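So the sequence shown is numbered by my numbering: it starts at 25 and just counts up by one.
All residues carry an ideal CB built from backbone N, CA and C; glycine is no exception.
The model shown is predicted, which means the values in this text are computed figures rather than measured ones.
One structure is given here, and the rest of the page talks about it.
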Amino acid sequence: MVAETPAGRSLPSGMLDPRPHVGEPLALDLLNTRWIDETGPRDLLTDVAGLRVWLDAAGLRELPADVRTLTAVRTARDAVHATVVDADHAGLNAVLEHGRLRRSLTENGPASTPDVPRQWWLPAWLAAENLLSLLAEAPERIRQCAHPQCVLFFYDTSRNGTRRWHSMTTCGNRTKAARHYARKP
């Protein structure tokens, strides 16, 4: 499936985010750093510039975009993918080993703070932790787009939980149009 790539969303860093689908929970947004467009397969995380785009878009602007962070984030992306697609938890558990939630009681009540000793693992750990939250909340709502050539993921927030495509405008309409024309004599 060829995703329609928008002209680009401008980020606070001034860079453009080329991805066709953004705004999903952190773990799924990380998976969506791979997509297919009219030129073929694309991967935002091929270099630290792409990592900077993803960190900025994910609201993690204060974190450094360097080679160690890029390696950790790519490891987390593979682990999240293996967990969602193949139910293989080993990689995700390995990423989660790099940090923990530190619980405390503050004047505002109970609080949880990520404790990740090697800071370059923080964005990777946050994505893995986010996937755990999604799995605890409603694992059946984590979906891959139903279009046969689409590799994007989404969290179904529809009322009845029957959303099938990452975007009705692109994949949904194309699937319905193809089905319609296939029925015509």
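{"query": "Looking only at C-alpha atoms, which of Ala152, Asp80, Gly123 and Arg66 sits nearest to Gly47?", "result": "Asp80"}
{"query": "On the premise that Ala82 lies in contact with Leu50, defined as a C-beta separation below 8 Å, what is that separation, rounded to the nearest angstrom?", "result": "6 Å"}
{"query": "Mapping the DSSP letters down to three states, classify Ala148 as helix, strand or coil.", "result": "helix"}
{"query": "Quick one, are the C-beta atoms of Ala148 and Val97 less than 8 Å apart?", "result": "yes"}
{"query": "Just list the beta strand (DSSP E) runs in the segment 107-136, keeping only unbroken ones of 3 residues or longer that don't cross its boundaries, in chain order.", "result": "124-130"}
{"query": "Mind checking His190: buried by the 16 CB within 10 Å criterion, or exposed?", "result": "buried"}
{"query": "For Leu40, does the three-state DSSP call read helix, strand or coil?", "result": "strand"}
{"query": "Is Asp71 buried or exposed, if buried means 16 or more other CB atoms sit within 10 Å of its CB?", "result": "exposed"}
{"query": "Work out the CA separation of Ser157 and Ala89 for me, nearest whole Å.", "result": "25 Å"}
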